[in-house]
Structures are given as C-alpha cells and as structure tokens.
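With the working numbering applied, the sequence shown covers 4 to 335. Data block below; observations after.
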Amino acid sequence: MSRVRVLAIETSCDETAAAVVDNGRDVRSSVVASQADLHARYGGVVPEIASRAHVELICDVIEQSLVEAGASLEEIDAVAAVRGPGLAGALLVGVSAAKAISIARGLPYVGVHHHEAHLYAAMIEDPQLEPPLVTLIVSGGHTLLIAMDGHGSYRVLGETVDDAAGEAFDKIARFLGLGYPGGPAIDRVALDGDPEAIRFPRPMRGEGHDFSFSGLKTAVVQYVRKHPDADVADVAASFQAAIVDVLVEKLVGAAQETGISTVVAGGGVAANSALRGRLFDLAADGDLRVVVPGIALCTDNAAMVGAVAAYRLAADGPTPLEAPVVPNLRLA
Ligand code: KG4
Ligand code: ZN
4 MSRVRVLAIE
14 TSCDETAAAV
24 VDNGRDVRSS
34 VVASQADLHA
44 RYGGVVPEIA
54 SRAHVELICD
64 VIEQSLVEAG
74 ASLEEIDAVA
84 AVRGPGLAGA
94 LLVGVSAAKA
104 ISIARGLPYV
114 GVHHHEAHLY
124 AAMIEDPQLE
134 PPLVTLIVSG
144 GHTLLIAMDG
154 HGSYRVLGET
164 VDDAAGEAFD
174 KIARFLGLGY
184 PGGPAIDRVA
194 LDGDPEAIRF
204 PRPMRGEGHD
214 FSFSGLKTAV
224 VQYVRKHPDA
234 DVADVAASFQ
244 AAIVDVLVEK
254 LVGAAQETGI
264 STVVAGGGVA
274 ANSALRGRLF
284 DLAADGDLRV
294 VVPGIALCTD
304 NAAMVGAVAA
314 YRLAADGPTP
324 LEAPVVPNLR
334 LA
C-alpha cells in the first residue's frame, strides 16, 4: 500500500473521537472526548444528548487530532467516518463532518463499519498481524465471533441471541447500584470480590458459537433478591467470571473449529481486566497467537477507524458521498 494518511472520525455512540493514522497502522494522534459524565445521571446513553454533544465537540476534537499529529489538512490523503452501526443522530454528526471536509478539500471519503474498525484495532496493536484470524467483538451493543479470512472477507460465526455482553455488564451494574458506565464499575468492584463465591450459569456453554446473557442477568437479579446481604464485590466478581468463561471458551472453540490459529479481541468489553487476564494466559499457553489491543484501542476511538479506512480505500475506492448512515449496518 502506498503511503496514505487518513483523518478518521468516530461518533457512533457517546465518544466523540478523531485520529490521524498513516498506512492503516501508524497512529499519529488519537483524541477521544467521552460524554460519559453527561449520560451518567440517566443511567445510559440518551441519543438526543449524544447527538448534541457530538455537534458541540466535533470541530475541536478534529482540530486537536491534527495538532497532536503535527499535520495540516493539506497533508491528509483521505477522510473517514463510522457510518454504522450506531445511533442515527450520533453517526450523522461524524459522517457529515467527514463529508464536509471531503467536499471542501477534494479528498476521498471512506465510510467505515464500526465492528470492522474494532477488529482493525488489533492491527494497530500488532502491525505484523494478518488474516486469517478469529475475532471476538464485545461491545455495548454487540457480541460477535467473526472469522476474517482476508481483508474485507468476513464470516459471522456466532452472535448474541439476546443481550450484548457490554449491555449485561451495564444492566447488572445499574441493578447493583454501581453507576454508569457499568463495565468499568463492575471491573473495579470485582477486584475485591471472589469470582468463585457464587456459581452463576454459563449460558449456551458448549452449544455452538452463539451467546446468550439475559438468563445470566436474571440469575444474578434472583440471587441478590434472595440474598440481600450478599457481598456486592463477590456478586460482581462471580458475574464477571461467568461472562468471561463463556467468551473465552467460545473464542477458543471457534479457533479450533475453523482451524485458524490467531485470535483477537476488540470492543469495550475487551478492556475488562478479567477477560484480558484470561486472554493473556491463553497467549502464554502457546497454542494460539492471541492479540489483545491496549485498553484505549478497545473502547471506542477513531484510530481504529483510520486503520480500516486505509484498507477499504485501497480495496474498494472512496465511498460515494450519497451513502447514508445505517444504524443497523451488517458486516457480513
Ligand atoms: O465498544 P464500546 O466502547 O462502545 C460500543 O460500541 O458499544 O463498548 C462499550 C461497552 C459498555 O457496555 C461498557 O460497559 C463496556 O463496553 N466496557 C467494559 C469495560 N470497559 C467498557 N465492560 C467490562 N469491563 C470493562 N473494563
Ligand atoms: Zn464500539
């Protein structure tokens, strides 16, 4: 690939992010403005508040990403933005900004799939990484096991039949009164708990590649109602252990079944310390090559968008400016 410097934008949910990335793997800058504080009092992301906050933040965040990269707009070769999946009003802000820059500067525009971006975070983490690989994408809205056979070539092996893993973290955190966002809160509290204190179910264990978390959520709620004096740290640690067990087993199972020996993780839940610990153990076992991006590359960011955009541009050319945002955009 000849040198391509991408200005990338991500506004699919509640982070306003921009980055400058060279050649799909070299991150020159990555700026993320989190709106978490704005949404915390509502216990979850409020779409209208997210859109408005993106509008207020987007120009400054883009500006800062250029300053931190030491790059001017003249040195940018393409501009990219996530066009789905995500909240329609939120996606529109980043996509509109990218299209405006594209038109004003005569630059190619690249519309990016959010999950494909999460997958390419692993390519930034390990610049030697190449497909085939199996990836576990675990975020607030999705839980996916995907085989990547080549750049742009995906097979969805499994997905959640109900709640996403991150959604389960967020709902249980709210139920336990731990606040929002729930994943980091449970992660923190669980550090003081015993993951074996309560044996919660491991849903759909040994049953193919799909996931289910709503039964686990119900089991936690029922347990706490029955045992109101249960130690919150033990509940959090035991719940987290159940989710992590299922995620790791299914990832390993998918690698075994496909015969693919490289596995990667991405998405906000891949920031979870227990999951990361298990994945690092898996790497140490030596049977699989395991790539776990740094925490800032797991949660929503624009560096991963710049990474995938370079490949999409080389393979498919620019995305037409008429291409709309697609809140439920599919990867494969
Ligand atoms: O990928 P992401 O930043 O945004 C979406 O695309 O959804 O993922 C957000 C999700 C939230 O559900 C959040 O609670 C969860 O990732 N999360 C975590 C951790 N950090 C973020 N879940 C468990 N442990 C964490 N440390
Ligand atoms: Zn995400």
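Beta carbons: idealized from backbone N, C-alpha and C, even for Gly.
Checklist entry - So the alpha helix (DSSP H) aspartate 63 belongs to, where does it begin and stop? => result 50 to 72
Item to check | Extent of the continuous alpha helix (DSSP H) to which serine 32 belongs | outcome: Where serine 32 is concerned, there is no enclosing alpha helix (DSSP H), although the beta strand (DSSP E) it sits in stretches over 29 to 37.
Checklist entry - So does serine 142 have its beta carbon nearer than 7 Å to some heavy atom of ligand 2? => result yes
Checklist entry - Nearest to valine 227 by alpha carbon, out of Val238, Asp17, Leu94, Gly309? => result Val238
Checklist entry - In its own chain, which residues sit with a C-beta less than 6 Å from the C-beta of glycine 27, not counting the 5 before and 5 after it? => result Ala310, Ala313, Tyr314
Item to check | Proximity test, aspartate 284 beta-carbon vs ligand 2 heavy atom, cut-off 7 Å | outcome: no
Checklist entry - Taking 7 Å as the cut-off, does the CB of aspartate 303 come closer than this to any heavy atom belonging to ligand 2? => result yes
Item to check | Helix, strand or coil at phenylalanine 283 [DSSP, three-state] | outcome: helix
Checklist entry - What residues are listed by DSSP as bridge partners for aspartate 25? => result Arg8, Asp29
Item to check | Beta carbon of alanine 339 nearer than 8 Å to that of isoleucine 263 | outcome: Lying outside 4 to 335, the shown extent of the chain, residue 339 is not represented and no answer is given.
Item to check | Rounded straight-line distance, which links the Cα of leucine 95 to that of leucine 332 | outcome: 14 Å
Checklist entry - Where does serine 217 fall in DSSP's three states? => result helix
Checklist entry - How about aspartate 234 and glycine 196: do their beta carbons lie closer than 8 Å? => result yes
Checklist entry - Taking the alpha-carbon positions, what's the valine 266 to alanine 176 distance? => result 29 Å
Checklist entry - Which residues in the same chain have their Cβ closer than 7 Å to the Cβ of glutamate 119, if we skip the five residues on either side of it in sequence? => result Val311, Leu334
Checklist entry - Any contact of the stretch 285 to 300 with the stretch 67 to 75, i.e. 3+ C-beta pairs under 8 Å? => result no
Next on the checklist: Could you pull the DSSP bridge partners for arginine 341 from this structure?
Outcome noted: An answer regarding residue 341 cannot be provided, because it is not within the stretch 4 to 335 covered by the chain.
Checklist entry - Sorted by chain position, which residues of the same chain lie with C-beta nearer than 7 Å to histidine 337's C-beta, five sequence neighbours on each side aside? => result In the structure displayed, the chain extends from 4 to 335; residue 337 sits before or after that span and is not available.
Checklist entry - Looking at C-beta atoms only, is the number of pairs between the stretch 94 to 110 and the stretch 119 to 139 that lie closer than 8 Å three or more? => result no
Next on the checklist: Let me check you understand the geometry: is the CB of aspartate 165 closer than 7 Å to at least one non-hydrogen atom of ligand 1?
Outcome noted: no
Item to check | Nearest-angstrom Cβ-Cβ length linking aspartate 240 and alanine 286, presumed shorter than 8 Å | outcome: Inspection of the sequence shows that residue 240 is occupied by alanine rather than by aspartate. About 23 Å separates the two Cβ atoms, so there is no contact after all.
Checklist entry - Touching or not, the stretch 211 to 229 and the stretch 160 to 168, by the rule of three or more beta carbon pairs under 8 Å? => result yes
Next on the checklist: Given a cut-off of 8 Å on the beta-carbon distance, is the pair methionine 307 and histidine 121 in contact?
Outcome noted: yes
Item to check | Own chain residues within Cβ distance below 7 Å of isoleucine 201, not counting five before or after | outcome: Tyr226, Asp237, Val238, Ser241
Next on the checklist: Helix, strand or coil for isoleucine 79? Go by DSSP, reduced to three states.
Outcome noted: coil
Checklist entry - Taking DSSP as the reference, what is the three-state secondary structure of glycine 309? => result helix
Checklist entry - Does ligand 1 have even one heavy atom less than 7 Å from the beta-carbon of glycine 256? => result no
Next on the checklist: Rounded to the nearest angstrom, what separates threonine 302 and glycine 186 at their Cα positions?
Outcome noted: 11 Å
Checklist entry - Sorry if obvious, but does the Cβ on glutamate 170 come closer than 7 Å to a heavy atom of ligand 1? => result yes
Next on the checklist: Can you look up alanine 3 in the DSSP assignment and give me helix, strand or coil?
Outcome noted: The chain is shown only over 4 to 335; residue 3 falls outside these bounds and no answer can be derived.
Checklist entry - From Thr14, Gln259, Asp25, Ser33, pick the residue whose C-alpha is nearest to that of aspartate 80; which is it? => result Asp25
Item to check | Residue from Val137, Gln259, Arg281, Ala124 with nearest C-alpha to glycine 297 | outcome: Ala124
Next on the checklist: Let's test the definition: count the other Cβ atoms within 10 Å of the Cβ of glutamine 243 and tell me whether it reaches 16, buried, or not, exposed.
Outcome noted: buried
Item to check | Limits of the unbroken alpha helix (DSSP H) element including threonine 261 | outcome: 235 to 261
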